[in-house]
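To start, the structure under review is shown below, and the notes come after it.
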Ligand code: CA
């Protein structure tokens, strides 16, 4: 089958995107001849679009043309004026509740039970929490030694991870929004991949005193090291190694057991998106999400600025007024947060997005939302909160890849699925990250970084369901410890950039 020149999503669309760079004078559809060269993944007008007329893709208005565009003309980011964002206070809920999700080909995985129940772990990691960035240097040296000297003695433990982050002191610790970073660190400490072991390294004079993230039961000399209590660097490192040894002995006794998918919680996000992301990678992730949710798993999706323009579509998938209201509240909080910084949602799109054919945030949002599949949205979380329901959950986080990751980790995702168009080597130390690319040439360029190629959907060589099912199996193989995504294999781990919307002092 010959590859199509363009892909039109909805019949009412007056633009389509090019599958490959297309020279001027190419007939891309009956009666549509390109008026100029159009780069790969960019929009071509399917009919003349006058100045002020709506440009429609995904069946939604991406924006209004600020110039006349002929049939076959190129529409890029310079030619579109942004529409007003949807009014979140007037959203419908409950009229798009799907009950016939596709049937999953597998319903179990091999994971690690945790002492306090909840979601299962999929890796067996000693996670060492810190209360302040000041201790990061000492802890990093100690972790190097733990990895070299202790880990080989505990073959059932996968890794040791220093949870170094920029928070903890020099911050307005009692500011209302400080709840976000504090909650995130507290929940991160209990991440399912850490097996219920609590180990905290503190300095001793920081604002984020250990009792702000540890319960009275957790706050014991067995779980907490205060560096200012030790005589010199050598003694600090020895204390960390000694505590780590005790924790490693317990972690080493963990074994994988067969568990239902209701014990699995995963996250999804995208980054470095292009105009194919919403056609290939994100819809296939959405199909995998539907399979997982249908079989009882919990799937988180996020990225507020990337759903803001399509949030009314998500609201229709919330089952009741309180869930819809929570969704609206998260949007309002983020609108205010952006306004305080003197920007709006349009600040989201990157130069790479635009080069990849995504003209504005509306177009990016419509593609981003596709990763949520079609399941009902049963809960809405503030950044870093832990779910109390099973199913598809909207966790309101920044869209920034390196901030969304830690927020979802704090919510307890065992792994993250990451869709990319232009490519990023992003990864997380505490949870495996699976990469799905939107174009075949991306996979060919980065064969040792991209795990799943969804580009075959654009060329007609695979369906969304086929790639989505492949991704579903890969997710469960990674969760079960049978497979490793490339970012985990190469140990490509980003810093833990937790979300702090509160002031720095
Ligand atoms: Ca992102």
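Numbering (this note's numbering), first residue to last: 510 to 1014.
Don't be surprised by glycine CBs; every beta carbon is placed ideally from N, CA and C.
Item, Value
"Would the region 905-921 count as touching the region 769-782 if we require 3 or more Cβ pairs under 8 Å?", "yes"
"Can you check the region 657-710 for any beta strand (DSSP E) of at least 3 residues that lies completely inside it and give the ranges in chain order?", "668-672"
"With distances taken from CA atoms, which of 641, 773, 593 and 946 is nearest residue 791?", "946"
"What I want to know is whether the C-beta of residue 1022 ends up closer than 7 Å to one or more non-hydrogen atoms of ligand 1.", "As shown, the chain starts at 510 and ends at 1014. That puts residue 1022 outside it, with no answer to give."
"Can you tell me whether residue 617 is helix, strand or coil according to DSSP?", "strand"
"For residue 631, does the three-state DSSP call read helix, strand or coil?", "coil"
"Decide if residue 804 is buried, meaning its Cβ has at least 16 other Cβ atoms within 10 Å, or exposed.", "buried"
"What number of angstroms, rounded off, separates the C-alpha of residue 807 from the C-alpha of residue 610?", "14 Å"
"Taking residue 821 as part of the alpha helix (DSSP H), name the residues at either end of that continuous run.", "820-824"
"Looking at ligand 1, does it come within less than 7 Å of residue 1006, judged from the CB to the closest heavy atom?", "no"
"Start and end of the alpha helix (DSSP H) containing residue 832?", "830-849"
"Assuming contact is defined by CB atoms lying nearer than 8 Å, are residue 640 and residue 719 in contact in what I supplied?", "yes"
"Just to confirm, does residue 913 get its C-beta within under 7 Å of one of the non-hydrogen atoms of ligand 1?", "yes"
"For a test of your reading of the model: does the CB of residue 910 fall under 7 Å from any non-hydrogen atom of ligand 1? Yes or no.", "yes"
"Kindly indicate the opening and closing residues of the alpha helix (DSSP H) around residue 752.", "742-760"
"Does DSSP classify residue 940 as helix, strand or coil?", "coil"
"Taking just the CA atoms, how far does residue 612 sit from residue 595?", "34 Å"
"Helix or strand or just coil, what does DSSP make of residue 916?", "helix"
"Might you give, ordered along the chain, the residues of its own chain that have their beta carbon closer than 7 Å to the beta carbon of residue 761, omitting 5 neighbours on each side?", "663, 665 and 666"
"Quick one, which of 529, 788 and 637 has its alpha-carbon nearest residue 880's?", "788"
"Express the C-alpha separation of residue 743 and residue 1001 in angstroms, rounding to a whole number.", "29 Å"
"Determine whether the beta carbon atoms of residue 600 and residue 824 lie at a separation below 8 Å.", "yes"
"Give me the residue from 591, 713 and 684 with the minimum Cα distance to residue 643.", "713"
"Whose C-beta lies closer than 8 Å to the C-beta of residue 683 among residues of the same chain, with five residues either side of it excluded?", "none"
"Tell me where the alpha helix (DSSP H) around residue 654 begins and ends.", "645-654"
"For residue 545, count neighbouring C-beta atoms within 10 Å of its own C-beta (all shown protein chains included) and say buried if the count is 16 or more, exposed if not.", "exposed"
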